[in-house]
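Since the structure comes first, as structure tokens, the remarks are kept for the end.
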Amino acid sequence: MEQTWRQAKAAFAAIAIPPLAWLLLFFIVPMTVIWAYSFGENTGPTTIDFTGTFANYMRAVEPLYLEIFGKSLVVAGLTTVLCLIVGFPVALAIAFASPRMKSWLLLLIMLPFWTNLLIRTYALIAVLREQGYVNFTLEWLWNNASGLMTFVGLQPLGEYEPLTLLYNNSAVIIGLVYVHLPFMVLPLYSALDRMDRSLMEASLDLGAGHMRTILLVVVPLAAPGIASGVLITFIPALGAYLTPDLLGGTDSQMIANVIERQFKRANDWPFGAALSFLLMYLTFAAIAMQALVQRRSERRR
Amino acid sequence: MAKNALPIPSALRPGRGGVRKERPGPLEYTRRWPLRLIVAATLLFLYLPLITMMVFSFNTSRRNVVWQGFTTDWYVKAANNASLMEAFVNSLTIAFFCTIISVVLGALAAVMLWRFRFPGKTAVEGSMALPIVVPEICLGVAMLVFFARVMPWPMGLPWPLNLGAITIAHVSFAFPFVATVVRARLASFNRELEEAAKDLGASEWRTFWDVLVPHMQPGLIAGALLAFTLSLDDFVITFFTAGPDTITFPVKVYSMLRFSVTPEVNAASTVLILVTVVLTAVGLHIQNRNADNRKA
Chain D
388 MEQTWRQAKA AFAAIAIPPL AWLLLFFIVP MTVIWAYSFG ENTGPTTIDF TGTFANYMRA
448 VEPLYLEIFG KSLVVAGLTT VLCLIVGFPV ALAIAFASPR MKSWLLLLIM LPFWTNLLIR
508 TYALIAVLRE QGYVNFTLEW LWNNASGLMT FVGLQPLGEY EPLTLLYNNS AVIIGLVYVH
568 LPFMVLPLYS ALDRMDRSLM EASLDLGAGH MRTILLVVVP LAAPGIASGV LITFIPALGA
628 YLTPDLLGGT DSQMIANVIE RQFKRANDWP FGAALSFLLM YLTFAAIAMQ ALVQRRSERR
688 R
Chain Z
15 MAKNALPIPS ALRPGRGGVR KERPGPLEYT RRWPLRLIVA ATLLFLYLPL ITMMVFSFNT
75 SRRNVVWQGF TTDWYVKAAN NASLMEAFVN SLTIAFFCTI ISVVLGALAA VMLWRFRFPG
135 KTAVEGSMAL PIVVPEICLG VAMLVFFARV MPWPMGLPWP LNLGAITIAH VSFAFPFVAT
195 VVRARLASFN RELEEAAKDL GASEWRTFWD VLVPHMQPGL IAGALLAFTL SLDDFVITFF
255 TAGPDTITFP VKVYSMLRFS VTPEVNAAST VLILVTVVLT AVGLHIQNRN ADNRKA
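Quick note, the sequences are listed as chains D and Z, same order. According to my numbering, the first sequence is numbered sequentially starting from 388. According to my numbering, the second sequence is numbered sequentially starting from 15.
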């Protein structure tokens with residue numbers, strides 16, 4: 388049972404004050420300032436007046452920016468779905484591996500997650516570009532297929548045209564999946580690992596197939612883990628800055644890139660602040676949905 | 015005599031009896047080939063780019079396209095690149111301080127939320143989760159404004175004090191992660207142990223230090239690793255908080271990528287990856303040793 392703070396006031400103060408003070412000073416205060424700026428106006432190169440105007444938000448819902456918001460949501464959503472499709476079987480395999488194998492697999496999944504995001508993105512560029520390994524492999528396959536077709540008396544396939552895998556929207560999605568996959572696998576794994584396996588055995592013993600057991604027993608039991616995996620993947624993907632910046636083309640700007648431009652180049656802090664807060668409200672909406680899922684699955688128990 | 019013929023006690027075989035030995039047991043998903051294929055493909059996807067990058071840090075050619083010959087010139091070049099080295103050291107220093115502060119704050123926050131009931135707890139829990147969920151870019155611009163207008167970090171401080179603003183920004187998003195990890199660990203704590211310690215006359219402090227902290231330890235180590243790598247990894251927030259004389263490694267690499275890509279970046283990145291791998295190995299080793307001690 389939790390104890391009320393009154394029972395041990397001194398201990399409570401000693402434990403609670405440092406983290407709360409830090410959170411207030413170095414998180415809540417900066418956020419509040421940005422929030423106040425979003426209702427302000429630029430009155431000079433470095434002065435901002437808090438006029439209480441909604442003009443920044445009005446500008447943010449203009450079609451140009453709405454489209455960028457919509458695009459960011461779609462890209463983040465696709466990333467999350469792809470991560471879930473790939474991550475679930477991987478998490479399942481890890482959860483049911485032998486203890487020795489399990490720690491190796493977990494390590495292998497986690498290592499890239501511990502590797503610098505910028506380095507990973509940079510490494511991905513080298514693989515995806517026109518003279519990268521994906522295109523080399525495809526060219527080799529293409530030429531072999533072409534040779535084979537001449538051999539059996541058909542027209543050769545012609546010159547291989549390298550695929551443009553970089554600087555477009557799919558590159559951004561590939562990059563986001565690449566970066567966020569461990570985010571999805573780890574919560575899924577911990578949910579699957581904690582799961583009561585006798586329920587799965589019971590389901591299999593009673594004649595359900597593996598797919599049915601997974602869909603009707605494992606997925607509901609792992610629902611909180613799935614929900615947190617989806618959330619942990621979706622949120623950073625939605626606010627991704629580096630991946631669209633380095634892998635995307637001119638039309639794959641996501642919302643974070645627009646925000647960065649307001650603060651670093653356009654020097655329109657109030658508008659950037661309004662965009663930041665809209666992005667944050669979208670994030671909160673996603674969290675609220677996750678909380679609903681969590682509560683529902685807890686109630687079921 | 016074939017091994018298959020040996021009688022295996024049915025208690026050792028969960029699920030259906032009579033399964034031939036070569037076939038995976040009902041719950042041995044890892045031994046099923048579709049799953050193995052997916053795991054292998056995923057690992058290839060995760061590692062191919064990184065391994066390629068590391069291999070090409072030893073290539074004589076300037077362009078990362080064809081292998082021409084083995085050289086360690088790029089490592090020498092990277093080591094002689096003063097600003098790159100400075101950025102590298104800055105990153106490690108920031109990560110070090112960020113880890114220490116984050117582990118202390120995160121552990122305290124975890125104990126607070128786990129142990130006490132207090133008015134406004136839901137609100138505190140919510141705001142504690144905020145730095146984790148708030149998009150990096152939002153925290154980045156908030157820190158930019160905070161250190162530009164509200165609490166300007168003094169210019170021209172001696173190293174490592176000039177890294178203070180970045181360190182503070184990193185702690186703000188890292189310590190709630192530590193708190194989450196430690197709190198998850200605390201969930202498995204048997205509160206009766208704490209009560210027993212107090213019944214036996216241990217003070218609040220002793221109970222905390224001798225009963226609760228040892229139990230939290232794996233969480234603290236995991237949290238420390240997480241804080242260190244989050245700090246080392248961070249680009250966006252640093253990008254907004256860094257001044258011209260406080261460049262970190264990711265920010266430096268980013269600007270190098272903008273101008274020209276040389277295998278120097280590969281070499282420096284390879285070193286950073288190795289640092290992370292070694293630290294992770296050390297952390298896991300400590301964790302495993304503790305787990306073994308507990309079992310013994």
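Even glycine gets a Cβ: it sits at the ideal position worked out from N, Cα and C.
Helix, strand or coil: how does DSSP classify residue i here?
i	result
Q681 of chain D	helix
F437 of chain D	strand
N73 of chain Z	strand
R131 of chain Z	strand
E647 of chain D	helix
E548 of chain D	coil
A426 of chain D	Reading off the sequence shown, one finds Phe at residue 426 of chain D, where the question assumed Ala. The answer is coil: DSSP assigns F426 of chain D none of H, G, I, E or B.
T703 of chain D	Residue 703 of chain D is absent from the structure shown; chain D starts at 388 and stops at 688.
T419 of chain D	helix
Q518 of chain D	coil
F254 of chain Z	helix
F84 of chain Z	strand
T391 of chain D	strand
Q542 of chain D	coil
F249 of chain Z	coil
W501 of chain D	coil
P405 of chain D	helix
M169 of chain Z	coil
F691 of chain D	Within the shown structure, residues of chain D are numbered from 388 to 688, placing residue 691 of chain D beyond reach of any answer.
T260 of chain Z	coil
P149 of chain Z	coil
E449 of chain D	coil
A595 of chain D	coil
T630 of chain D	helix
A121 of chain Z	helix
G474 of chain D	helix
Residue i and residue j look like a contact to me (Cβ under 8 Å); what is the Cβ gap, rounded to whole Å?
i	j	result
G474 of chain D	M571 of chain D	4 Å
G154 of chain Z	F254 of chain Z	4 Å
M667 of chain D	I455 of chain D	Contact flag wrong, Cβ pair sits at about 16 Å.
K212 of chain Z	L98 of chain Z	So it is not a contact: roughly 54 Å between Cβ atoms.
V477 of chain D	I52 of chain Z	6 Å
I287 of chain Z	L64 of chain Z	7 Å
With a threshold of 8 Å between beta-carbons, can residue i be considered close to chain Z, or not?
i	result
M676 of chain D	no
S663 of chain D	yes
P486 of chain D	no
Q390 of chain D	yes
L593 of chain D	no
K396 of chain D	no
T551 of chain D	no
L753 of chain D	In the structure as shown, chain D starts at 388 and stops at 688, and residue 753 of chain D therefore has no counterpart that could be examined.
I613 of chain D	no
R507 of chain D	yes
Which chain A residues are close to residue i, counting only those with a beta carbon under 7 Å from its beta carbon?
i	result
D247 of chain Z	Within the model displayed, chain A is absent; protein chains D and Z are what it includes.
Flag residue i as yes if its beta-carbon sits less than 8 Å from any beta-carbon of chain D, otherwise no.
i	result
S97 of chain Z	no
L122 of chain Z	yes
M230 of chain Z	no
H299 of chain Z	no
L64 of chain Z	yes
P264 of chain Z	yes
F191 of chain Z	no
Taking C-beta to C-beta, are residue i and residue j nearer than 8 Å?
i	j	result
P406 of chain D	F84 of chain Z	no
V196 of chain Z	A121 of chain Z	yes
L460 of chain D	L625 of chain D	yes
N73 of chain Z	P277 of chain Z	yes
W392 of chain D	F70 of chain Z	no
A123 of chain Z	M142 of chain Z	yes
E150 of chain Z	V250 of chain Z	yes
A661 of chain D	S490 of chain D	no
S590 of chain D	V604 of chain D	yes
Any heavy atom of the ligand MG closer than 7 Å to the CB of residue i?
i	result
A143 of chain Z	Judged by which ligands are present, the structure shown has none, so any question about the ligand MG falls away.
For this session: Say whether the region 588-602 of chain D touches the region 422-439 of chain D, bearing in mind that this needs 3 or more beta-carbon pairs closer than 8 Å, one atom from each stretch.
Result: no
Exercise. Do three or more CB pairs link the region 517-537 of chain D to the region 85-95 of chain Z at distances below 8 Å?
Worked result: The region 517-537 of chain D makes no contact with the region 85-95 of chain Z; the number of CB pairs closer than 8 Å stays below 3.
Exercise. Is the number of C-beta pairs between the region 238-254 of chain Z and the region 292-300 of chain Z that are closer than 8 Å three or more?
Worked result: yes
Exercise. Between the region 667-678 of chain D and the region 609-618 of chain D, do three or more beta carbon pairs fall short of 8 Å?
Worked result: yes
Exercise. With a cut-off of 8 Å, do at least 3 Cβ pairs link the region 149-165 of chain Z to the region 405-420 of chain D?
Worked result: yes
Exercise. At a cut of 8 Å, does the region 443-455 of chain D reach the region 221-236 of chain Z through at least three beta carbon pairs?
Worked result: no
Exercise. Given 8 Å as the limit, is there contact between the region 646-654 of chain D and the region 549-566 of chain D, that is, 3 or more CB pairs closer than that?
Worked result: In this structure the region 646-654 of chain D does not lie against the region 549-566 of chain D, because fewer than three pairs of beta carbons, one per stretch, are closer than 8 Å.
For this session: Could you tell me whether the region 542-560 of chain D touches the region 462-471 of chain D, where touching means 3 or more Cβ pairs closer than 8 Å?
Result: Cβ pair count under 8 Å is three or more, so yes.
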